[in-house]
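Visitor: The sequence shown lines up with residues -26 to -1, 1 to 313 when you count with mature numbering (1 follows the signal peptide of the UniProt record, and there is no 0).
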Amino acid sequence: MATRKAFFVILIALLISILVAVPTRAQSIGVCYGMLGNNLPQPTAVVNLYRSNGIGRMRLYDPNQTALRALRNSNIQLIMDVPRTELQSLASNPSAAANWVQANVVAFWPSVSFRYIAVGNELIPGDAAAQYVLPAMRNVQTALSSAGLQNQIKVSTAVDTGVLGQSFPPSNGAFSAAAQAYLAPILQFLRGNNAPLLVNVYPYFSYADNPSQISLAYALFTAGGVVVQDGQFGYQNLFDAQVDAVYAALEKAGSGSVVVVVSESGWPSAGGFAASVSNAQTYNQNLIRHVGRGTPRRAGRAIEAYLFAMFNENQKSPGVEQNFGLFYPNGQPVYPISL
Ligand SMILES: *[C@@H]1O[C@H](CO)[C@@H](O)[C@H](O)[C@H]1NC(C)=O
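#1: Determine whether the beta carbon atoms of F88 and Q51 lie at a separation below 9 angstroms.
#2: Look up P307 in the DSSP assignment and say whether it is helix, strand or coil.
#3: Helix, strand or coil: which one does DSSP assign to I(-15)?
#4: CB of N38 to nearest heavy atom of ligand 1: below 8 angstroms?
#5: What would DSSP say about T131, mapped onto helix, strand or coil?
#6: Pop quiz: G240 and F298 are said to be a contact at Cβ under 8 angstroms. What is the actual Cβ separation, rounded to whole angstroms?
#7: In chain order, what residues of the same chain lie with their CB nearer than 7 angstroms to the CB of R58, ignoring the 5 residues before and after it?
#8: What do you reckon, is the C-beta of A41 under 8 angstroms from a heavy atom of ligand 1?
#9: When the Cα atoms are used, what is the spatial distance from E225 to N13?
#10: What is the rounded straight-line gap between the Cα of V313 and the Cα of V5?
#11: By DSSP, does Y302 sit in helix, in strand, or in coil?
#12: Which residues in the same chain have their Cβ closer than 6 angstroms to the Cβ of S63, if we skip the five residues on either side of it in sequence?
#13: Can you tell me whether DSSP reads Y35 as helix, strand or coil?
#14: Determine the closest residue to A182 out of T131, G246 and D134, with distance taken between C-alpha atoms.
#15: For ligand 1, is there a heavy atom less than 8 angstroms away from the beta-carbon of M9?
#16: Going by alpha carbons, who is nearest to N211 out of Q76, V173, T256 and E238?
#17: I'd like to confirm the pairing. Which residues does DSSP put opposite I91 in its beta bridges?
#18: Can you find at least 3 beta carbon pairs, one from the stretch 116 to 132 and one from the stretch 185 to 203, that sit closer than 8 angstroms?
#19: Is the Cβ-Cβ distance between P144 and F207 less than 9 angstroms?
#20: Taking 8 angstroms as the cut-off, does the CB of P177 come closer than this to any heavy atom belonging to ligand 1?
#21: Note down, in chain order, each residue of its chain lying with its Cβ closer than 6 angstroms to the Cβ of V(-5), except the 5 sequence neighbours on either side.
#22: Around the C-beta of V251, are 16 or more other C-beta atoms found within 10 angstroms, so that it is buried, or is it exposed?
#23: Can you give me the Cβ contacts of D134 inside the same chain, cut-off strictly under 6 angstroms, excluding the 5 residues immediately before and after it?
#24: Please determine, among A244, S26 and Q39, the residue with the shortest C-alpha to C-alpha distance to V79.
#25: Closer than 8 angstroms is the cut-off here; do at least three beta carbon pairs connect the stretch 215 to 222 with the stretch 262 to 272?
#26: Whose C-alpha, out of R165, G8, R46 and L138, is nearest the C-alpha of V233?
#27: Is it true that the CB of G268 sits closer than 9 angstroms to the CB of A276?
#28: Quick check: is any heavy atom of ligand 1 less than 8 angstroms from the C-beta of P303?
#29: Beta carbon of N253, beta carbon of L194: below 9 angstroms?
#30: Rounded to the nearest angstrom, what separates V235 and P292 at their Cα positions?
#31: Ignoring anything shorter than 3 residues or poking outside the stretch 129 to 179, list the beta strand (DSSP E) runs there in chain order.
#32: Is the Cβ-Cβ distance between S130 and I188 less than 9 angstroms?
#33: Can you tell me whether L14 sits near ligand 1, meaning its C-beta is under 8 angstroms from at least one heavy atom of the ligand?
#34: Give every residue of the same chain whose Cβ lies closer than 6 angstroms to the Cβ of L10, excluding the five residues on either side of it in the sequence, and list them in chain order.
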């Protein structure tokens, strides 16, 4: 009897762990739908490609109306950017923000599942438009609140890891003074609205800039054990180290409660140093496998992450930038990958 009872306990534990584990992983991965190509499929075909590959989340870099129409009733959850060109207007004019939210969000809600509005991408601290990010976030937030959507749709901004003045070891992570000047009030805003910080995380560029100091295995999640021991935390891959450097910086800035969403990550399949189909496949597949586990500093908290990008984009800068796609513009995969 005891053995039989133990068997059922184990069986039930197994079923629960499957039920818990499968949705976490499946829902955590998204793919960025960049459109800087003159040979890309129409948005309806793109949305079908997401669905046939089981990709449940998308990042869209501007409120392209054809894409938004194609996303209706698709169940795909969306990060949508406010493009840089709109920021000054949305920052300085609350009614421009209200109109933008009405035309691009409210008009499609709830048949399009907006998750986050990313007000600007990689503008802090160096871009001339950085000054408009927070005032535009505030005006977009006010407009969403007026529409009663402030609990369903969160307002944030996307930064790159260049906001860090220190990043090694991860526990030393700290924002640069220049970034901190912009981020301090933005983090206060994010805390107040229970919104995440969106961060583009590219181990590829760190590795390519510094291959004598960083091993390829550490960058590709294939190291056999701990590569960087940082106090109580052991790092087997550079991705975790970069995300945790951001968490350490958030903690030092009094914002340890702000969650990091990885709004871009990827590896190029061609066009430059260490850019190969094999490395891209290894990085992206291992990232997909990995995100459910969290980082050492946030163990067990599944990381919401978006692969960059859906397609190779021929209107980006020549070289690696044109070769981050999971798919060619004709819809054929660049390499097999299980999403
Ligand atoms: C929307 O996206 C499609 C497909 O990429 C493109 O052809 C179209 O020009 C875009 N529309 C706008 C207004 O940018």
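Just so you know, even glycine gets a beta-carbon here, dropped at the ideal spot from N, CA and C.
Guide: Looking at the atomic coordinates:
#1: Yes; because the gap between Cβ atoms is below 9 angstroms, this pair is in contact.
#2: Note: P307 maps to strand in three-state DSSP.
#3: Below a pLDDT of 50, predicted positions are generally treated as unreliable, and I(-15), at 46, falls in that range; the measurement from the model is reported next regardless. Note: I(-15) maps to helix in three-state DSSP.
#4: Checking every heavy atom of ligand 1 against the Cβ of N38, one is found closer than 8 angstroms.
#5: Three-state result, T131: strand.
#6: The C-beta distance from G240 to F298 rounds to 5 angstroms, short enough to fall under 8 angstroms.
#7: Correct list, in chain order: G94, L97 and A103.
#8: At least one heavy atom of ligand 1 is nearer than 8 angstroms to the Cβ of A41, so yes.
#9: Each residue's Cα considered, the two are about 44 angstroms apart.
#10: Inspection of the sequence shows that residue 313 is occupied by Leu rather than by Val. If you draw a straight line from the Cα of L313 to the Cα of V5, it comes to about 10 angstroms.
#11: Secondary structure of Y302 (DSSP, three-state): coil.
#12: Taken in chain order, the residues that qualify are A70.
#13: DSSP places Y35 outside both helix and strand once states are collapsed to three, so it counts as coil.
#14: For A182, the nearest C-alpha among the options comes from G246.
#15: Within the cutoff, so yes.
#16: Residue T256 is the option with its Cα nearest to N211.
#17: Within the DSSP bridge table, the entry for I91 names M54 and V129 as partners.
#18: No, the stretch 116 to 132 is not in contact with the stretch 185 to 203.
#19: Yes.
#20: Incorrect: P177 has no Cβ contact closer than 8 angstroms to ligand 1.
#21: Unreliable placement is indicated for V(-5), whose pLDDT of 44 sits below 50; no coordinate value is reported for it.
#22: By the 10 Å Cβ count, V251 comes out exposed.
#23: Residues E96 and N174 of the same chain have their beta carbon placed closer than 6 angstroms to that of D134, with the five preceding and five following residues left out of the count.
#24: That would be Q39, whose Cα lies nearest to the Cα of V79.
#25: Short answer: they touch.
#26: Taking only the C-alpha atoms, the option nearest V233 is R165.
#27: At the C-beta level, A276 and G268 come within 9 angstroms of one another.
#28: Flag unset: Cβ of P303 not near ligand 1.
#29: Using a Cβ distance threshold of 9 angstroms, N253 and L194 count as a contacting pair.
#30: For V235 and P292, the gap between their C-alpha atoms comes out near 28 angstroms.
#31: Runs found: 138 to 140 and 171 to 174.
#32: In terms of Cβ geometry, S130 and I188 do not form a close pair [threshold 9 angstroms].
#33: L14 Cβ: within cutoff of ligand 1.
#34: Residues of the same chain with a CB within less than 6 angstroms of the CB of L10, apart from the 5 flanking positions on each side, are E287, Q289 and K290 in chain order.
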